[in-house]
Structures are given as structure tokens and as C-alpha cells.
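The sequence shown begins at 1 in the UniProt record's numbering and counts up one residue at a time.
Here the structure is laid out as C-alpha cells; the discussion comes afterwards.
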Amino acid sequence: MAQSLDRQKETPSQTAGPYVHIGLTPNVVGIAGVYREDLGSSMVEDGTRGERITLIVTVFDGAGAPLRDALVEIWQADAEGFYPSPAERRGRADPHFSGWGRSAADMETGACLFHTIKPGRVPMADGRLMAPHISIWIVARGINLGLHTRIYFPEEEEANVSDPILARIEHRARVATLIARRGADAYVFDVHLQGDNETVFFDS
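So, in C-alpha cells, the structure goes:
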């Protein structure tokens, strides 16, 4: 006889809380000896091809204050537009580039820092080229499920105009929330969770 499942209840959801840093970036919170360096802290090697860039991501709450307990992960293609997946590693993807990074926010400024390369253009399944971009995932206090969005580059105006994903954003004024700013030494990308400048987020 089949067992009744009506006593099994869904576990309540919770925000990331402080434990996400203990588990994912132990060195940042002073727990030494788990990893020589936190996973995702290094994306490039001496032999990595492409233009080296620095990316600074800061997450702001609805009141405009930086979230100093945020954690951000990024995924991107290499300089030629190939992802470091088993399929792409067959002589095409850069073996000296991880394509993935993780950074905990600075406890004073809220800034997440990445040293990476500028990605190449990646085709969609139908062959249309996407503009160079970096996908990011965000967790922090008050966020039950991680948020997904993208970072595009301000100098890639022509590619951005023809990007199939950006073209699907109905309110065109909001496209600007996905474009990084070019600073003196780094690209700067501000994520706004709420408010007039709320960032465009994606389902996946």
C-alpha cells in the first residue's frame, strides 16, 4: 500500500544569511585552512588570451545603500566567444581561463572585485550573435532566490543594439541598467534591487 504523502510539508525558504560566506568564501571571513584560496577568486593565468579587465560590482538595496554582505558569481565566455565546457575544450576554449568567478562584497564598501578578460561574442542556438557580456548571480540578505542578470560593455554600441536578449526588453529605457560604466581602471556595474534604477533581472 502506498504511503500517504500529505504529512510532508515544504521547507520554508530563507535568505542566504551569513552562512553563505562561511561555506563559499571561508578565507574572506577568516576561516583559514579550508582552501588555499577561495574557489572562484582567480579566473586568469599567465597564458590567458584576451584583454585583461577589472570589474567592480556593487549591489544596492531599495534605499540606495550598498549590501556589504552580498556575494556575486560571474560566468562568461573567453576572448574568442567559447565557454570552458567539456564540449568547447576540444581545442577551442582557452584552457588558461576558468570562465567563472566568485567574490564576496567588501565589508566596508560593498564592492565585489573581479580580475578577468573581456569576453567575445557568443552565438545563440539560431546563430545570431549576442553582444559581449558577462552573466552574474547575486545572493545577499533579503534575497530568497539568487538573482540573475547580465553586464554589457558601453563601447560595444553596435553589438548591443543587435543583441537578441537586449532586444527583448520592452521598456527600452531600462536597457541602460545592464550597461557597465568605464572608469579609469575598471568597469563599474551597479545592481539596484529596487527603485527608479532597478536593474533588469532574468528568470535564468
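Glycine is no exception: its CB is placed at the ideal position from the N, C-alpha and C atoms.
Exercise. Measure from the alpha carbon of Cys112 to the alpha carbon of each residue in Ile165, Ile136, Ala167 and Glu157, then state which is nearest.
Key: Ile136
Practice problem: Could you spell out where the beta strand (DSSP E) holding Glu10 opens and where it closes? | Solution: No beta strand (DSSP E) contains Glu10, which DSSP labels as neither H nor E.
Quiz item: Using the C-alpha atoms, what's the distance from Ala173 back to Phe202?
Solution: 16 Å
Exercise. Quick one: measure Cβ to Cβ for Ile151 and Ala180, integer angstroms, because I've assumed they're closer than 8 Å.
Key: 5 Å
Practice problem: Indicate the three-state DSSP secondary structure (helix, strand or coil) for Thr48 in the structure shown. | Solution: coil
Quiz item: In the structure shown, what three-state DSSP assignment does residue 213 receive?
Solution: Because residue 213 is not part of the residues shown, which for the chain are 1 to 204, the question remains open.
Quiz prompt | Close beta carbons around Glu156, own chain, < 7 Å, minus the five adjacent residues each side | solution = Ala131 and Pro132
Exercise. Measure the alpha-carbon distance for Val188 versus Val34 and round it to whole angstroms.
Key: 31 Å
Quiz item: Below 8 Å between beta carbons: does that hold for His192 and Phe60?
Solution: yes
Quiz prompt | For His192: DSSP bridge partner residues | solution = Phe60
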